[in-house]
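Numbering-wise (the working numbering), the sequence shown opens with residue 15 and increments by one.
We treat Cβ as the ideally placed atom computed from N, Cα and C, and that holds for glycine.
First up is the structure itself, then whatever we jot down about it.
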Amino acid sequence: MERRSFLKKAGAVGAAGLVGTAVSAPAMAADGPTVRWRLASSFPKSLDTIFGASEILAKRVAELTDGKFQIRCFPGGEIVPGTQVLDAVQNGTVECGHTASYYYVGKNKAFAFDTALPFGLTARQQNAWLYYGGGMQLMREFFAKYGVVNFPGGNTGAQMGGWFRQEVKSLADLKGLKMRIPGLGGEIMSKLGVVPQTIAGGDIYPALEKGTIDATEWVGPYDDEKLGFYKVAKHYYYPGFWEPGPNLSFYVSQKEWAKLPASYKAAFETAAAEANMHMLAEYDAKNPVALVSLLQKGVKLHQFPTDVMQAAQKAAFTLFEEEAAKNADFKKIYTAWKKFRTLQHGWFNLAESKMENFMYANRVK
Ligand code: CA
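Written out as structure tokens, the structure is:
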């Protein structure tokens, strides 16, 4: 009897508690506005790991707002071409986007800091810089000039150097070589004698097959295997020194961001951080499997010759210094970024890299 009356009492308290809760916390989502955004991605659905980050964002934002805040993701080319996501967010064609900021270095080379610079930061260092090293503040100030609020939105990790029809044994072998490599990487390569080409993803394979180009870079084993480059170019080089840890970004229109309730802003920020973490984890899980598969197909792995790496790093920092001398935005970010990079190298050169180097050189069978 005592137990029964206790349960009855507890039930009454519970019911009252539920009523109380319904009036406070859940009421927020129930009464929150319905928000529907369109997200323009720079990427095709076939790049499932990269495109998938925008789908993770949309799914989690909806879940965190009881379905009130809906984001619909459109692959590159459906609303705007993949390289025009910045413009689409800036001029209000879409409320948000998912892209790589270095696509916009033609407008201002400072965009590259948001993604990657040749010989720049690794994925971990890029996250450290953005979240805790003052990088986000600098990039937000810069993006504000374009009416955009930026969020880290995934990373591939260090990319591969790409596919070459012929072996590159020294710097001299790069002379006159036609390589598909866009952006700052292409600029650095051109200083080493390469003739850089900008070709969209779907057109690379036939160009490489016909010999219109001699080499191409793309992403890493998982994405590269799907495009089949190994069938027409057997020599697979590493590392992709122009992309040591490229960070993708979500862009939100400043105007639309300002309209969001605080809880929706928190949902977006949380979901973006989750998508950021997931992309790198997914690549790190999938790339080694694809690498084994590529090796079974007869792919020959090569490290870029030391003279190529040294000449490329020298060319990269010459380009950065030249740009800093004539571009105030670039100079401001570069000065802070370079200092951060130097500090990171002092630290990562110890525990992290020495542990890894030992284990990879002394593999346990
Ligand atoms: Ca690439």
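- Close CB contacts of Glu-370 within its chain, under the 6 Å cut and outside five residues either way in sequence, are absent.
- In the structure shown, Ser-68 adopts helical secondary structure according to DSSP, grouped into three states.
- Annotation: Ala-338 to Val-99 spans about 26 Å, alpha carbon to alpha carbon.
- Under the DSSP assignment, Lys-340 falls outside any beta strand (DSSP E), being part of the alpha helix (DSSP H) whose first and last residues are 320 to 340.
- Within its own chain, the residues whose Cβ lies closer than 8 Å to the Cβ of Leu-308, once the five positions on either side in sequence are excluded, are Pro-235, Asp-238, Glu-239, Tyr-244 and Tyr-250, listed in chain order.
- Collapsing the DSSP output to three states places Met-373 in a helix.
- The C-beta distance from Ala-247 to Arg-179 rounds to 5 Å, short enough to fall under 8 Å.
- Of the other Cβ atoms in all chains shown, fewer than 16 fall within 10 Å of the Cβ of Gly-81; this residue is therefore exposed.
- Cβ neighbours of Pro-196 within its own chain (closer than 6 Å, five residues either side excluded): Thr-212.
- Val-209 is bridged by DSSP to Lys-192.
- Exposed is the label assigned to Gln-317, since fewer than 16 other Cβ atoms lie within 10 Å of its Cβ.
- In the structure shown, the three-state DSSP call for Gly-215 is helix.
- One Cα belongs to Ser-60, the other to Phe-125, and the distance between them is close to 25 Å.
- Check the Cα spacing between Asp-217 and each of Gly-168, Ile-227 and Pro-210: the tightest is with Ile-227.
- Spanning the alpha carbons of Pro-275 and Phe-264 requires a straight line of approximately 19 Å.
- Excluding sequence positions up to five before and after Met-203, its CB lies within less than 7 Å of the CB of Met-193, Ile-195 and Pro-210, all in the same chain and listed in chain order.
- As the crow flies, the alpha-carbon of Leu-152 is around 14 Å from that of Asn-141.
- The Cβ atoms of Asn-341 and Lys-123 sit closer than 8 Å to each other.
- Nearest to Tyr-252 by C-alpha distance, out of Ala-295, Val-182 and Tyr-160, is Val-182.
- Bounds of any alpha helix (DSSP H) do not take in Ala-114, whose DSSP letter is neither H nor E.
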